[in-house]
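Structure first, then comments.
In the working numbering, the protein residues as written are 9 to 80.
See the structure below:
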């Protein structure tokens, strides 16, 4: 799963806040490219928010690998 796909999968208030911040800046998740996603989120929502989203993404990737190892 890519970082942008992860952002699209976030639910609830986090998704609302992310969409609101991106729309306010004139973009949305559909137009966000993988290479620029972290930088754009840091710009529109703040560096600390981008850091939290990226940490959540890395954790989900790690759990996905652990699940794949357990199921193999």
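For every residue, glycine included, the Cβ atom is placed at its ideal position computed from N, Cα and C.
No experiment lies behind these values; they were computed from the predicted model shown.
Residue i: first and last residue of the uninterrupted alpha helix (DSSP H) it sits in
i	result
residue 17	11–17
residue 31	20–32
residue 46	45–53
Per-residue burial, residue i [other beta carbons within 10 Å of its own, 16 or more giving buried]
i	result
residue 46	buried
residue 13	exposed
residue 65	buried
residue 61	buried
Contact under 9 Å by Cβ, residue i with residue j
i	j	result
residue 32	residue 57	no
residue 30	residue 16	no
residue 35	residue 48	yes
Proximity to residue i [Cα-Cα], best of the options
i	options	result
residue 25	9, 72, 54	54
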